[in-house]
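Student:
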Amino acid sequence: MNMSGEPVTGAGVRELIGWLVHLIEAAGALIIFAGAAWAFARFATTSLRRRSLIGEFNKIRLSLGRFLVLGLEFQLAGDVLRTAVAPSFTEIGQLAAIAAIRTILNFFLTREIAQERAEIEGERKEPLPQAATAADV
213 MNMSGEPVTG
223 AGVRELIGWL
233 VHLIEAAGAL
243 IIFAGAAWAF
253 ARFATTSLRR
263 RSLIGEFNKI
273 RLSLGRFLVL
283 GLEFQLAGDV
293 LRTAVAPSFT
303 EIGQLAAIAA
313 IRTILNFFLT
323 REIAQERAEI
333 EGERKEPLPQ
343 AATAADV
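Our numbering puts the sequence shown at residues 213 to 349.
1. Taking the alpha-carbon positions, what's the F319 to N270 distance?
2. Could you compute how far the alpha carbon of I313 sits from the alpha carbon of V225?
3. Give the single residue among A308, R254, V292 and A246 whose Cα lies nearest to the Cα of F279.
4. Since A239 is in the alpha helix (DSSP H), which residue starts that stretch and which ends it?
5. Restricting to runs no shorter than 3 residues, where is the beta strand (DSSP E) found entirely within the segment 308–334?
6. DSSP on S275, reduced to helix/strand/coil?
7. With DSSP collapsed to three states, give me the class of L288.
8. Please confirm if the segment 289–305 is in contact with the segment 234–254, defined as three or more CB-CB distances below 8 Å between the two stretches.
9. Under 6 Å Cβ to Cβ from G222, same chain only, skipping five residues before and after it: list those, please.
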C-alpha cells in the first residue's frame, strides 16, 4: 500500500526502481567526472610548478583510482538494483555481464591502488644514504 492507501502496482515499483537506478548511476558518473576533473587540475598545476612529476604523478593516479573505484561501486549498485525488476532472462544476462565487467575492473583498480600505496609508503621509509666516516674506511 502506498501513502494514500492504494495498493502498489508492479508497474509503479518498476518505475520507482527505474528512477532510483538512474539516480544511483548519475551519482556514480558524477563521482568519476569529479575525480577526473580534480586529477586533471592537479596534474596541470603540478606540471606548471615542477619539472619532475614522477613522485606527484603516482599520488595523482592513486587519488584518481579511488574516485574510479567509488564511481564503479555506485554503477554496480545501480546494476544490482536493476536486476530486481529485469523482466527477462536476456536482460538479466546482460546485466550480469555488465556487473561482472565492472566488478573485475573494480578488483584490478583496487589491487593497483594498494600496490601504488605500498610503493609510495616504501619510498617514504627508505633510509637516506649516509656519507662514509673514518671508522668505515
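All residues carry an ideal CB built from backbone N, CA and C; glycine is no exception.
Tutor: Per the coordinate set shown:
1. Cα-Cα distance, rounded: 19 Å.
2. So the alpha carbons of these two residues sit roughly 27 Å apart.
3. Checking every option, the nearest Cα to that of F279 belongs to A246.
4. First-last of the alpha helix (DSSP H) with A239: G222 to R261.
5. The segment 308–334 contains no complete beta strand (DSSP E) run of 3 or more residues.
6. Three-state DSSP puts S275 in a helix.
7. Secondary structure at L288: helix, using DSSP grouped into helix, strand and coil.
8. In short, these stretches touch, since the Cβ pair count reaches three.
9. Correct list: empty, nothing qualifies.
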